[in-house]
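Undergrad: This is the structure, below, for whatever I ask next.
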Amino acid sequence: MTDHLDGNVLAGALSEVFTTDVTAARARCGGCGRMSAIAEAMVYTSAPGLVARCAGCDQVLATIVDAGDRLILSLAGLSAIELRR
Numbered sequence: 086m087t088d089h090l091d092g093n094v095l096a097g098a099l100s101e102v103f104t105t106d107v108t109a110a111r112a113r114c115g116g117c118g119r120m121s122a123i124a125e126a127m128v129y130t131s132a133p134g135l136v137a138r139c140a141g142c143d144q145v146l147a148t149i150v151d152a153g154d155r156l157i158l159s160l161a162g163l164s165a166i167e168l169r170r
């Protein structure tokens, strides 16, 4: 998997759930423990949704699927998200 975008591509989809810009938030990868801005994630768009992977270990951090009247969000690969107030 080499064709990816950076985590900023998640901004639109995440703005439907969060009121702040989550791409500026810092998150911890549940796999390697890397703490970095969500915008630094490698995002793949060729799946049936967006798949964000850790830039350090390639673990899936988050998936976002637009299912029409629903948004399906998984943050299972993150052990923490740090949001600024």
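Numbering (our numbering), first residue to last: 86 to 170.
Think of the CB as a built atom: it goes at the ideal place given N, C-alpha and C, for glycine as much as any other residue.
Since this is a predicted model, take the numbers as computed values, not measurements.
Taking the alpha carbon of residue 149 as the reference point, which residue from 164, 142, 128 and 166 has its own alpha carbon closest?
TA: Looking up residue 149 in the sequence shown gives position 64. Nearest C-alpha to residue 149: 128.
Undergrad: Give the DSSP-derived three-state secondary structure of residue 125 in the structure shown.
TA: Mapped onto the sequence shown, residue 125 falls at position 40. Helix.
Undergrad: Rounded to a whole number of angstroms, what is the C-alpha to C-alpha distance between residue 94 and residue 156?
TA: Your numbering for residue 94 matches position 9 in the sequence shown. Your numbering for residue 156 matches position 71 in the sequence shown. So the two alpha carbons sit approximately 16 angstroms from each other.
Undergrad: From residue 144 to residue 100, what distance separates their C-alpha atoms?
TA: Within the sequence shown, residue 144 is the residue found at index 59, counting from 1. Within the sequence shown, residue 100 is the residue found at index 15, counting from 1. Between residue 144 and residue 100, the C-alpha separation is close to 23 angstroms.
Undergrad: With a threshold of 7 angstroms, establish whether the CB of residue 120 neighbours any heavy atom of the ligand GTP.
TA: What this structure holds is no ligand at all, so the ligand GTP is not there to describe.
Undergrad: Quick one: grab the DSSP three-state call for residue 108.
TA: Reading the sequence shown from its first residue, position 23 is the one you call residue 108. Residue state, collapsed to three classes: helix.
Undergrad: Residue 135 to residue 162, Cα distance in whole Å?
TA: Counting from one through the sequence shown, the residue named residue 135 turns up at place 50. Counting from one through the sequence shown, the residue named residue 162 turns up at place 77. Rounded to whole angstroms, residue 135 to residue 162 spans 14 angstroms at the Cα level.
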